[in-house]
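Trainee:
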Amino acid sequence: ILMNKIFSSPLDLLNKVEEDKTNLENALLQWDVIGIQKSLFNFSVGSYHLVDWVKTFYPNLESKVYCLLNNDKYIGACRDLCNASKHVELDVTKGSYSKYPPVVSDVDLSSTHSLVNSSLHSYRLKIQFNDGDRVVAEEVIQKAFDSWKKFFNDNGVK
95 ILMNKIFSSP LDLLNKVEED KTNLENALLQ WDVIGIQKSL FNFSVGSYHL
145 VDWVKTFYPN LESKVYCLLN NDKYIGACRD LCNASKHVEL DVTKGSYSKY
195 PPVVSDVDLS STHSLVNSSL HSYRLKIQFN DGDRVVAEEV IQKAFDSWKK
245 FFNDNGVK
């Protein structure tokens with residue numbers, strides 16, 4: 095395994111995902127657009143590919159980790175953001191997307207309102223889900239990370 099020269103276990107990758115989560119939260123607070131783009135990409139890729147790391151290091155958990163991916167919309171959102179970022183355009187009629195369609199329909203930047211006596215605006219990065227939920231990015235990444243932490247703890251993943 096080539097990647098085990100960089101990370102030695104799924105837990106190592108989860109720790110990197112946590113760093114990406116912190117970087118994204120900080121970039122959102124500072125409204126660092128480049129930082130947001132990089133951190134959202136890194137978080138999404140790492141969070142989605144934890145599936146591969148778990149099934150490689152713990153083959154007995156393959157069905158459980160796919161169940162998590164296919165039933166947790168926040169981890170599903172990471173899959174969608176990861177694949178859309180890597181492939182630019184997704185064909186949802188082919189491959190796994192034909193069986194498990196995307197859960198994200200849009201990613202949007204919106205202004206909340208002007209601050210009193212200021213020309214500054216407050217902005218939010220929101221993820222639009224196909225089920226109608228529109229959730230701020232901070233909540234999506236926290237829930238995805240919490241789901242992974244619970245999965246690791248419940249299944250003894252290290």
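In case it helps, the numbering used here puts the sequence shown at residues 95 to 252.
All C-beta atoms in this analysis are idealised placements derived from N, C-alpha and C, irrespective of residue type, glycine included.
(1) The alpha helix (DSSP H) spanning Val-229 covers which residue range?
(2) Taking Ser-199 and Asn-177 to be in contact with their CB atoms under 8 Å, please state how far apart those CB atoms are, rounded to whole angstroms.
(3) Val-201 bridges to which residues according to DSSP?
(4) Is Tyr-152 helix, strand or coil when you go by DSSP?
(5) Contact check, Lys-110 vs Phe-101 under 8 Å by CB: the rounded distance?
(6) Could you tell me which of Ser-179, Gly-226 and Gln-131 sits nearest to Val-197, measuring between CA atoms?
(7) Between which two residues does the alpha helix (DSSP H) holding Asp-106 run?
(8) Do the CB positions of Leu-134 and Ala-238 come within less than 8 Å of each other?
(9) Considering only residues of the same chain and omitting the five flanking positions on each side of Asp-174, which have a CB-CB separation below 7 Å?
(10) Nearest by alpha-carbon distance to Asn-165: which of Phe-245, Lys-252 and Val-251 is it?
(11) Run through DSSP, which three-state label would Ile-235 get?
(12) Is Ser-141 near the ligand NAD, judged by its Cβ being under 7 Å from some heavy atom?
(13) If contacts are defined as beta-carbon pairs under 8 Å, then Lys-220 and Ser-103 qualify, I think. What distance do you get, rounded to the angstrom?
(14) Look up His-215 in the DSSP assignment and say whether it is helix, strand or coil.
Mentor: Per the coordinate set shown:
(1) Taken as a continuous stretch (DSSP letters only), Val-229 belongs to no alpha helix (DSSP H), being part of the beta strand (DSSP E) at 228-230.
(2) The Cβ separation is near 14 Å, so there is no contact.
(3) Ile-221
(4) coil
(5) 7 Å
(6) Gly-226
(7) 104-124
(8) no
(9) Pro-196, Val-197 and Val-198
(10) Phe-245
(11) helix
(12) As for the ligand NAD, it is missing from this structure, which has no ligand bound.
(13) No, Lys-220 and Ser-103 are not in contact; Cβ-Cβ is about 33 Å, not under 8 Å.
(14) Its pLDDT being 42, under 50, His-215 is placed unreliably in this model, and the coordinates cannot settle the point.
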